[in-house]
Amino acid sequence: MTTNESTHPTAGRRTLGSTGPTVFPLGLGCMGMSALYGEADRAESIATIHAYLDAAPDGTHTLLDTGDFYGMGHNELLINEALRTAPAEARERALTSVKFGALRTVEGGFTGYDGRPEAVRNFLAYSLQRLGRDHIDIYRIARVDPDVPIEETVGAIAEAVEAGHVRHIGLSEVGADTLRRAAAVAPISDLQIEYSLISRGIEAEILPAARELGIGITAYGVLSRGLISGHFTRDRALAPGDFRGMSPRFQGDNLDRNLDLVEALRKVAEGKGVSVAQTAIAWVLAQGPRHGVDIVPLVGARRRDRLAEALGAMDVSLDAADLAAVEEAVPAGAAAGERYPAAQMAHLDSEH
Numbered sequence: 241m242t243t244n245e246s247t248h249p250t251a252g253r254r255t256l257g258s259t260g261p262t263v264f265p266l267g268l269g270c271m272g273m274s275a276l277y278g279e280a281d282r283a284e285s286i287a288t289i290h291a292y293l294d295a296a297p298d299g300t301h302t303l304l305d306t307g308d309f310y311g312m313g314h315n316e317l318l319i320n321e322a323l324r325t326a327p328a329e330a331r332e333r334a335l336t337s338v339k340f341g342a343l344r345t346v347e348g349g350f351t352g353y354d355g356r357p358e359a360v361r362n363f364l365a366y367s368l369q370r371l372g373r374d375h376i377d378i379y380r381i382a383r384v385d386p387d388v389p390i391e392e393t394v395g396a397i398a399e400a401v402e403a404g405h406v407r408h409i410g411l412s413e414v415g416a417d418t419l420r421r422a423a424a425v426a427p428i429s430d431l432q433i434e435y436s437l438i439s440r441g442i443e444a445e446i447l448p449a450a451r452e453l454g455i456g457i458t459a460y461g462v463l464s465r466g467l468i469s470g471h472f473t474r475d476r477a478l479a480p481g482d483f484r485g486m487s488p489r490f491q492g493d494n495l496d497r498n499l500d501l502v503e504a505l506r507k508v509a510e511g512k513g514v515s516v517a518q519t520a521i522a523w524v525l526a527q528g529p530r531h532g533v534d535i536v537p538l539v540g541a542r543r544r545d546r547l548a549e550a551l552g553a554m555d556v557s558l559d560a561a562d563l564a565a566v567e568e569a570v571p572a573g574a575a576a577g578e579r580y581p582a583a584q585m586a587h588l589d590s591e592h
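241 is the number of the first residue of the sequence shown in my numbering; add one for each residue after it.
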């Protein structure tokens with residue numbers, strides 16, 4: 241039986257691997273405050289970050305996840321502002337997790353990834369300036385550069401660790417073989433990868449490799465970009481530029497089939513007296529003990545009410561019968577459609 245985080249032996253904290261930091265059980269993914277989901281309210285975004293920082297007990301590190309290409313630097317500047325205006329104690333406990341490497345056009349398009357050591361140093365210098373910090377707590381390339389061995393990219397981050405500009409090395413969306421190659425170069429704190437009730441591909445090889453290597457997981461997409469939050473409807477109109485307008489899982493018959501899964505999950509959630517989103521997040525939280533690796537879900541809340549709902553997942557206890565009911569409602573592999581369009585799937589080392 242899994243336990244409520246408030247009574248967990250780690251007292252509401254999870255450690256990212258054998259070498260990484262110990263953090264609050266939920267991280268805050270800040271991407272949606274700057275990009276890919278339509279316009280966001282800047283004041284509400286900052287208030288949401290502040291509410292997240294305040295939610296952690298004294299002495300517990302919080303985890304703010306971003307990418308230097310989210311809004312082309314906008315997200316890092318937003319986090320800078322939120323931290324500058326937060327109480328000193330909360331600011332000092334906040335850890336930053338930054339992805340780098342994506343190449344953009346003026347129009348906002350993506351043209352590839354650059355993992356060369358000189359590019360790593362360049363990306364890092366700009367991120368430190370935008371964040372207004374002298375170091376980044378976890379630094380990772382967003383996608384493997386197919387033209388640069390992962391050993392070279394990780395080696396460059398390891399040099400930044402030695403120089404004091406980075407505290408820990410992370411990875412993002414890599415497969416088991418790449419994970420092992422990277423870990424042979426330097427200690428890896430965590431792998432950031434999509435993991436949810438409808439994205440369970442990592443269970444076959446990647447989670448066992450992470451356990452073998454002592455690497456934690458920061459799981460993004462735990463609500464599948466809102467698809468399994470219980471709030472998304474078939475007739476919802478998406479704003480211009482919303483990534484979900486191109487996502488296969490949000491298209492036509494795929495959307496109908498996936499929302500049918502959500503309705504099955506809703507019945508389980510209602511039986512527990514909690515929300516669909518809380519059930520989905522609690523399921524991911526429960527996978528750490530089951531797989532022997534600490535997993536920290538990243539919740540992409542852009543508003544304080546959505547954040548409050550997500551935080552409530554830590555008070556949801558799922559026993560063996562509950563977990564079985566959840567997985568019967570949403571069986572592994574039941575999702576309709578890939579998690580990214582084909583062109584973006586091609587960049588995922590984790591899918592190869």
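For each residue, glycine too, the CB sits at the ideal point set by N, CA and C.
- Task: Just mark L453 as buried or exposed, buried being the case when its beta carbon has 16 or more other beta carbons within 10 Å.
- Result: With 16 or more other Cβ atoms from the protein chains shown falling within 10 Å of its own Cβ, L453 counts as buried.
- Starting from Q432, follow its DSSP beta bridges and name the residues at the other end. As DSSP reads the structure, Q432 sits in a beta bridge with S412 and T458.
- Query: Within 10 angstroms of its Cβ, does H592 collect 16 or more other Cβ (buried), or is it exposed?
  - Reply: Per the 10 Å Cβ criterion, exposed.
- So, helix, strand or coil for Q584, using DSSP? Helix.
- Message: Could you compute how far the alpha carbon of F264 sits from the alpha carbon of A291?
- Response: The alpha-carbon atoms of F264 and A291 are separated by roughly 13 Å.
- For A334, which of helix, strand or coil comes out of DSSP? Note: A334 maps to strand in three-state DSSP.
- Message: Starting from P357, trace the beta strand (DSSP E) in both directions and tell me its first and last residue.
- Response: P357: not part of any beta strand (DSSP E); member of the alpha helix (DSSP H) spanning P357 to L371, first to last residue.
- Taking the CB atoms as reference points, tell me whether L256 and D589 lie closer together than 9 Å. Contact: no.
- Item | Presumed contact (8 Å Cβ cut-off) between A459 and Y435, rounded CB distance | Contact annotation, A459 with Y435: C-beta distance approximately 4 Å; criterion of less than 8 Å satisfied.
- Query: Hey, quick one: how far does the beta strand (DSSP E) through L268 stretch, first residue to last?
  - Reply: Taken as a continuous stretch (DSSP letters only), the beta strand (DSSP E) holding L268 covers G267 to G269.
- In three-state terms, what does DSSP make of Y310? In the three-state reduction of the DSSP assignment, Y310 falls in the coil class, being assigned neither a helical nor a strand state.
- Query: With C-beta atoms as the reference, is Y619 less than 9 Å away from S258?
  - Reply: Absent from the structure is residue 619, since the part of the chain shown begins at 241 and ends at 592.
- Task: Could you tell me which residues DSSP puts in a beta bridge with V263?
- Result: Partner(s): R254 and H301.
- Message: To the nearest angstrom, how far is the alpha carbon of V524 from that of G269?
- Response: Answer to the nearest angstrom: the Cα atoms are 15 Å apart.
- Message: Can you list, in chain order, the residues of its chain with a C-beta nearer than 8 Å to that of A444? Leave out the 5 residues immediately preceding and following it.
- Response: So no residue of the chain qualifies.
- Express the C-alpha separation of A382 and D308 in angstroms, rounding to a whole number. Each residue's alpha carbon lies about 10 Å from the other.
- Any idea what DSSP makes of I468, helix, strand or coil? In the structure shown, I468 sits in coil (DSSP, three-state: anything other than H, G, I, E or B).
- Message: Assuming contact is defined by CB atoms lying nearer than 9 Å, are Y277 and R542 in contact in what I supplied?
- Response: Yes, these two residues count as a Cβ contact at 9 Å.
- Item | A326 versus D496: straight-line alpha-carbon distance, rounded | D496 has its alpha-carbon roughly 42 Å from the corresponding atom of A326.
- DSSP-derived helix/strand/coil call for S487: Coil at S487, not helix or strand.
- Item | Span of the beta strand (DSSP E) around R542 | Secondary structure note for R542: it is in no beta strand (DSSP E), with a DSSP letter that is neither H nor E.
- Where do the N-terminal and C-terminal ends of the alpha helix (DSSP H) with A403 fall, by residue? Boundaries of the alpha helix (DSSP H) harbouring A403: I390 to A403, taken from the DSSP string.
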